[in-house]
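Participant:
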Amino acid sequence: MHRQAARYVAKTTSAAAGAVATAASSVAAAAVAASIIFTPVADASSRMEGISEDLLRAVQLNQITEEQAIKFEARLAGRILGQG
């Protein structure tokens, strides 16, 4: 009987630890989601500045060509700024 009780306690403790870990990760995920939701959205001009900087960096690193950067920035500007 003693061994069965020890196994039960071990299983129960393990299950409880798993439940606590799951709850903690759920709380952490909810906190991250809330921080994303309540973060103010950057205005269009600051978004475009960031895009320009990122594309310039990509050109400097030879990840894309300057022509590709220009076309991509124009396409995004149209979407972000509502120009087509």
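Just so you know, the sequence shown maps onto residues -30 to -1, 1 to 54 in mature numbering (1 follows the signal peptide of the UniProt record, and there is no 0). By construction, the Cβ of each residue, glycine as well, lies at the ideal position given by its N, Cα and C atoms. Note that this is a predicted model, so its numbers are computed, not measured.
1. List the endpoints of the continuous alpha helix (DSSP H) containing residue 31.
2. Below 9 Å between beta carbons: does that hold for residue 44 and residue 28?
3. Using 10 angstroms around the beta-carbon of residue 31, count the other beta-carbons present and answer buried if the total reaches 16, otherwise exposed.
4. Rounded to whole angstroms, how far is the Cβ of residue 21 from the Cβ of residue 46, which I believe are closer than 8 Å?
5. Let's see if you can read the secondary structure: which residues bound the alpha helix (DSSP H) around residue 74?
Facilitator: According to the data block:
1. Taken as a continuous stretch (DSSP letters only), residue 31 belongs to no alpha helix (DSSP H), as it is neither H nor E.
2. no
3. exposed
4. 6 Å
5. Missing from the structure shown is residue 74; the chain here goes from -30 to 54 and no further.
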